[in-house]
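K.L.:
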Amino acid sequence: IFTRSFDFLDWLLPATNNFPRAHRFTFTQRLLDAAFDLREHLEIANLRKGNTRLAQLRLADEALSKVRVYLRLAARWQWLKRGQYRHAAGMVAEIGRLLGGWIKTTIKALK
75 IFTRSFDFLD WLLPATNNFP RAHRFTFTQR LLDAAFDLRE HLEIANLRKG
125 NTRLAQLRLA DEALSKVRVY LRLAARWQWL KRGQYRHAAG MVAEIGRLLG
175 GWIKTTIKAL K
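Here you go:
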C-alpha cells in the first residue's frame, strides 16, 4: 500500500499541472491535500497499534473517498483524458482494496 500510494502521488502531481490555472488554488489544491492526507494517515497508522491504528486507517479511507470524488469531477470536466482517468481509477481502486484488507486485519486483531 505504501508503494502504491507513493506511485499514485508521483503520477498525480504532474497530472494536475495541466488543470486550468483558474482552479489551481481551489479544486487542484483540495485534490492534492486529500491525496497527501491519505498518504500521511497510512504512515501514521503504520507507526501505531490497536484503536489508534484503526482510527488512522479510517481517516485514510475518508481521504481516499475524497480523492475518488475529485478525480471523477476532473474527468467529467475533461481535465483528465479518458486514459488518464482509467489509470488513476485503477490505482485508487488498488489502494482501496489494500486499505480495506488492512482495516479488516486490524479489526480482527482487536477482537
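Under my numbering, residues 75 to 185 are what the sequence shown spells out, in order. Glycine included, C-beta positions come from ideal geometry on N, C-alpha and C. None of the values given here were measured: they were computed from a predicted structure.
Are the CB atoms of A109 and F82 nearer to each other than 8 Å?
P.N.:
For the purposes of this step, residue 109 is taken as residue 35 along the sequence shown, with counting starting at 1. For the purposes of this step, residue 82 is taken as residue 8 along the sequence shown, with counting starting at 1. The answer is yes: Cβ separation under 8 Å.
K.L.:
Looking at the secondary structure, which residues open and close the alpha helix (DSSP H) in which F101 lies?
P.N.:
For the purposes of this step, residue 101 is taken as residue 27 along the sequence shown, with counting starting at 1. 101-121 is the extent of the alpha helix (DSSP H) around F101.
K.L.:
Is there contact between the stretch 132-148 and the stretch 94-112, where contact requires at least three CB pairs shorter than 8 Å?
P.N.:
yes
K.L.:
So, using beta-carbon positions, are R78 and L172 closer together than 8 Å?
P.N.:
Here residue 78 refers to the residue found at position 4 when the sequence shown is read from its first residue. Here residue 172 refers to the residue found at position 98 when the sequence shown is read from its first residue. Closer than 8 Å, so yes.
K.L.:
Would you kindly check if the distance between the Cβ of R127 and the Cβ of T180 is under 8 Å?
P.N.:
Here residue 180 refers to the residue found at position 106 when the sequence shown is read from its first residue. Here residue 127 refers to the residue found at position 53 when the sequence shown is read from its first residue. Cβ distance < 8 Å, so T180 and R127 count as in contact.
K.L.:
Mind reading off the beta-carbon distance from T90 to T102? Whole number of angstroms is fine, and I expect it under 8 Å.
P.N.:
In the sequence shown, the residue the question calls residue 90 occupies position 16. In the sequence shown, the residue the question calls residue 102 occupies position 28. Contact holds; Cβ gap of about 5 Å.
K.L.:
Terminal residues of the continuous alpha helix (DSSP H) containing L86?
P.N.:
As a first step, residue 86 is located in the sequence shown; it is residue number 12 there, counting from the start. Segment 76-90, the alpha helix (DSSP H) holding L86.
K.L.:
Quick test of your reading: H161 and A137, contact by CB under 8 Å. State the CB separation rounded to the nearest angstrom.
P.N.:
As a first step, residue 161 is located in the sequence shown; it is residue number 87 there, counting from the start. As a first step, residue 137 is located in the sequence shown; it is residue number 63 there, counting from the start. Taking the Cβ atoms as the reference, H161 lies roughly 20 Å from A137, outside the contact range of under 8 Å.
K.L.:
Cβ of V166 within 8 Å of Cβ of V141?
P.N.:
Taking the first residue of the sequence shown as position 1, residue 166 is located at position 92. Taking the first residue of the sequence shown as position 1, residue 141 is located at position 67. Their beta carbons are under 8 Å apart, which means V166 touches V141 by this criterion.
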